[in-house]
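There are 2 protein chains.
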Amino acid sequence: MFGEIIAIGDELTSGRILNTTSHFAASHLFAAGHEVVAMITIGDNATLISETLRRALEQVDFLIVTGGLGATSDDLTNEAVAEALDRPTIFHPEILQRIKTHCRDWAAQFGAGMEKLAWLPEGAHELKSDANMAGYFLVQDGKPIFFLPGVPHEMEELLLEAVITRLAVWEGSEPRTVRQKVFKVVGLPEAAINGHLRHLEGKSGKVAIGYYPVPPEVHVSLTVTGGSVAEADQLFYEFDQEIAAALIPYHYGDDGDLLEEAVGRLLRGQKMTLALAESCTGGMIAHKITAVVGSSDYFVGGVVAYSNSLKERLLGVERGTLVRHGAVSEETARAMAEGVRTATGADLAVSVTGIAGPGGGSDEKPVGTVWFALATPDGTQAFGLLFGGVRWQVQAKACSFGLDLVRRSLLKVSLLP
Amino acid sequence: MFGEIIAIGDELTSGRILNTTSHFAASHLFAAGHEVVAMITIGDNATLISETLRRALEQVDFLIVTGGLGATSDDLTNEAVAEALDRPTIFHPEILQRIKTHCRDWAAQFGAGMEKLAWLPEGAHELKSDANMAGYFLVQDGKPIFFLPGVPHEMEELLLEAVITRLAVWEGSEPRTVRQKVFKVVGLPEAAINGHLRHLEGKSGKVAIGYYPVPPEVHVSLTVTGGSVAEADQLFYEFDQEIAAALIPYHYGDDGDLLEEAVGRLLRGQKMTLALAESCTGGMIAHKITAVVGSSDYFVGGVVAYSNSLKERLLGVERGTLVRHGAVSEETARAMAEGVRTATGADLAVSVTGIAGPGGGSDEKPVGTVWFALATPDGTQAFGLLFGGVRWQVQAKACSFGLDLVRRSLLKVSLLP
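Residue numbers (this note's numbering), protein chains in the order written: chain B, 1 to 417; chain E, 418 to 834.
Here it is as structure tokens:
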């Protein structure tokens, strides 16, 4: 089915809040075989909401509307929708009762504003009988309109459990055949990837290959659209194989995979443990690794050695090394990696020491200079790199490179891309 | 002036990429006194682009269009725009020359596809003479349309340096008087904040107060719109004072401020240094602190003690403590904070040890149980909390609480909100 996503809220059009809910909805609708024709964001303005709803209803088969359903005094969507679709607002005592029970159960305060959560446009149906959050749907001109809260985790739960499930069985719903995957690529720039894959473009009108730089990575999408299921599956299989083969060893995972998850899978598979000694990345690599469920199986921890004294005290870097070569040097990087490996007993250890900026640079070692070392049972290797960009970009690139160093080491390919 | 932001790209409507550029543009246009009526996202579809441009030109004074200007084979915006506005595409040899020079200077490869960067719709003017990126503007029916690349940092540079500057002097541009700020609040839920501020609502038709939960924080916006500059300034001053007074000590900063920056300012002002011993937050607090420019002045570093053996080896937590009370306990939290304070010589030390989940919980210590300790020259205090949510939410809440512990300690207010 063809749909539109409409997000309502002055906080979005004035740029106070980044709209992540429309993106979440688009991604899951696409995966379910629907096509999002447009994503519209407008402010809390009844006339504009009315116009937008009416125009969208003429063009697509379903609408998803998010935001403005809460209890605070700036939440106006329900009233505006009642006006736009010419439906009176109806009081739902059972909803009020549920809110009161919920507040009692959670020892929360029932505020005066909460009563408005029980006033909905005529014809509104609840999305989930056990949902303790705003949200409903109604049918206009035979087309479903889903109203969801703007709070991301509430909207996401309802979208997955009460919207996509309903769309799948909606009368007249005939999702297109769609096969899609995203190849996550690290260490190879967009233009080079495009060169590797150009021979595949135009080979089939049903296949599209897209390139999306998400620095410091590039994501490559393969999309097969239309045709029979068998034909789509065959095309998808062929292109999947060809793209994957062309991107070895830069292709670390697919779709929702993260580089730190790929690294974690390799460590777990090879029963290896990892420790970190981070200076300029300041804990970013450890944070990414430990965001992964189960990372305690392979990650022992590490030291954020932000000051020179910690490099000495906790990592055993000799003062002479720091004085002679500086904190950002091959020698210090080696000593940090070996020091944290010894202190923790991990199989592998990575160190990162560099100048993220804006201060601290010199002619000899400009901002963006970063030294890495990888200590393994077979010895230690070190690499100096110069990254462009401002502080957070240097940190993000160093984090990505550090993770990729572990991945490449475990894959036994060249450590430098 | 009234404007629309149009983002073009299948990667956006299919949910592969989160659209951050429209948000960036909206935020800066609002601050410059313009009103964004709508933010539209559509796919790479010439008919839809054409309809959207024509409809938008009827409704607003200016348009910003992002995306699809690159050199790879799926970038189609220029051709579609030429068709939509009925303008032929013109070859610009000087642009081609600049690209070639740029490639040579940077030892980059000039690819076959890059030539299309030099083909632009008739009437296109360059945005910045020295910009080494795609982007131009043209005037249709007296209204400027700005075409910007979809890559965030390129788009952001051009928006700030070549779009907002042009709009400020555009004929007929009369920006409204707007005063706005956002109060960043930590440790107080939305409903409670709403209660603290409800008496201010409705006091002036020109003043709006908005509440935006950005877990684990809440952001409160104050917006004064319309009227004379003097009137707006006066209203803004009055409400600013009242809101700030009502939110002490939960209000840690304004607008773009981050909690870790507020903590950094306090540490710097009081000439105190900080160390961390993180277990369940896995380096997240250190990462946030070191993302702030100049954090090496007050942050010495810390230990990511993800395994019990690191808690012993690097932090000096006694095995008996770990065995008797467990890694997630008041006693271990205290020993971690005191251990890292001793090992690093920092003035203050915070420790975090908890069960982020999904595994590791028990009846006695369910997922979400987190112990914190703050070690200072005056002694050590510990706090046990139970956070709701899944792994990343527990980690984010623990990170925020840990940072706020430092802030409250330096402010000399109650350590628990």
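Glycine included, each C-beta is placed from N, C-alpha and C at the ideal position.
Can you tell me which of the options puts its alpha carbon nearest to the alpha carbon of residue i?
i	options	result
B:K365	B:D347, B:P377, B:L386 and B:L120	B:L386
B:V293	B:E260, B:G368 and B:F383	B:E260
B:E330	B:A32, B:S296, B:S351 and B:F2	B:S351
B:E94	B:R87, B:V169 and B:L117	B:L117
E:E578	E:A449, E:R615 and E:V595	E:A449
B:P216	B:Y250, B:F236 and B:Q234	B:Y250
E:D558	E:D478, E:M701 and E:T518	E:D478
E:P834	E:Q810, E:E588 and E:A609	E:A609
E:I434	B:D10, B:L12 and B:H28	B:H28
B:G9	E:G426, E:D427 and E:H440	E:H440
B:H219	B:K203, B:L415, B:Q393 and B:L258	B:L258
E:P505	E:N495, E:Q514 and E:K620	E:N495
Is residue i a contact residue of the ligand ZN, with contact defined as CB to any heavy atom under 7 Å?
i	result
B:S221	Although the ligand ZN was asked about, the structure shown includes no ligands whatsoever.
If you drop the 5 nearest sequence neighbours on each side, which residues of the same chain put their C-beta closer than 7 Å to that of residue i?
i	result
E:P794	D764
E:E543	Y553
B:H426	In the structure as shown, chain B starts at 1 and stops at 417, and residue 426 of chain B therefore has no counterpart that could be examined.
B:V413	P249
B:F401	F372 and L385
E:E618	I626
In chain order, what residues of the same chain lie with their CB nearer than 6 Å to the CB of residue i, ignoring the 5 residues before and after it?
i	result
B:A80	A46 and I49
E:A442	I422, I481 and L576
E:A792	A754, E755, R758 and A766
B:H196	A246
E:G627	S638
B:A373	A333, R334, A337, S351, T380 and A382
E:P630	E607
B:F236	R179 and V224
B:A232	T177, R179 and V224
B:A124	Y136 and L138
E:L513	A535
Please confirm whether residue i and residue j have their CB atoms less than 8 Å apart.
i	j	result
E:N436	E:A455	no
B:A349	B:V370	no
E:A625	B:Q395	no
E:L555	E:H451	no
E:G485	E:D461	yes
B:P121	B:M133	no
B:I355	B:V328	yes
B:F2	E:S431	no
B:A286	E:G699	yes
B:D404	B:G187	yes
B:K181	B:Y252	no
B:R407	B:A262	yes
E:L827	E:L683	yes
E:L732	B:A343	no
E:T458	E:L429	yes
B:S309	E:G762	yes
B:G361	B:G388	no
E:G681	E:S713	no
E:T469	E:M572	no
E:V807	E:G774	yes
Ignore the nearest five residues each way along the sequence and tell me which others in residue i's own chain have a CB closer than 8 Å to its CB.
i	result
B:R54	A84
E:E735	E729 and A752
E:K623	V641, T642, G643, G644, E648, A649 and L652
Exercise. Go through the segment 48–97 of chain B residue by residue and report every complete run of the alpha helix (DSSP H) that reaches 4 residues or more, in order.
Key: 77–84
Quiz item: In the segment 200–244 of chain B, which residue ranges form an unbroken alpha helix (DSSP H) of at least 4 residues, counting only runs that do not cross its ends?
Solution: none
Quiz item: Would you call the segment 655–667 of chain E and the segment 237–254 of chain B touching, i.e. three or more CB-CB distances under 8 Å?
Solution: no
Practice problem: Assess, as a yes-or-no matter, whether the segment 685–693 of chain E is touched by the segment 716–725 of chain E under the definition of 3 or more beta carbon pairs within less than 8 Å. | Solution: yes
Quiz prompt | Any 3 or more C-beta pairs closer than 8 Å across the segment 139–151 of chain B and the segment 222–239 of chain B | solution = no
Self-check item: Continuous beta strand (DSSP E) assignments of at least 3 residues falling wholly in the segment 712–792 of chain E
Solution: 716–721 and 765–771
Self-check item: Sequence ranges, beta strand (DSSP E) only - wholly within the segment 575–619 of chain E, length at least 3
Solution: 595–603
Exercise. Within the segment 118–144 of chain B, note down every full beta strand (DSSP E) run reaching 3 residues or more, in order along the chain.
Key: 119–121 and 136–140
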